[in-house]
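Chemist: Residue numbers (the numbering used here): 1 to 144. Quick reminder that beta carbons are idealized off the backbone N, C-alpha and C, glycines included. Note that this is a predicted model, so its numbers are computed, not measured.
1) Pull up the DSSP beta-bridge partners for residue 5, would you.
2) Just checking my contact of residue 53 with residue 3 at CB under 8 Å: how many whole Å lie between their CB atoms?
3) Can you tell me which of 48, 64, 33 puts its alpha carbon nearest to the alpha carbon of residue 146?
4) List the residues that DSSP assigns as beta-bridge partners of residue 46.
5) How is residue 70 classed by DSSP in three states: helix, strand or coil?
6) Would you check if the region 109 to 119 and the region 16 to 30 touch, i.e. whether three or more CB-CB distances between them fall below 8 Å?
7) Going by DSSP in three states, residue 65 sits in which element: helix, strand or coil?
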């Protein structure tokens, strides 16, 4: 299957899989100069790219594990959702929870995008749902 990217800036880096079996495409930041995120700051990093995700799929954006665990930066919205009809610039919304400043430079791999199937369903309001063994059991109801 083909995933098309458009460079909105000639310096942008087309995402690639970091290994043969990687699930996510690495997203690189595009900056004119290094950026220092202050403690507890939220910042939208540009990528300089737009993408054409095939209909019936969605791009899910996650922070790279090394950025989250080693640097203390997370996505401000938890997981980014790129709908198949979106053609604007891919932005990476971040939140610095490290307790200090964190520096990023243009070209740094900050996040990764995983493309997954996302079918749309017909929606119907009903009076009752089918029963299951679990029923309404919520948090912790199936064990530790």
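Modeler: Walking through what the data contain:
1) 51
2) 7 Å
3) There is simply no residue 146 to check, as the chain begins at 1 and stops at 144 in what is shown.
4) 91
5) helix
6) yes
7) helix
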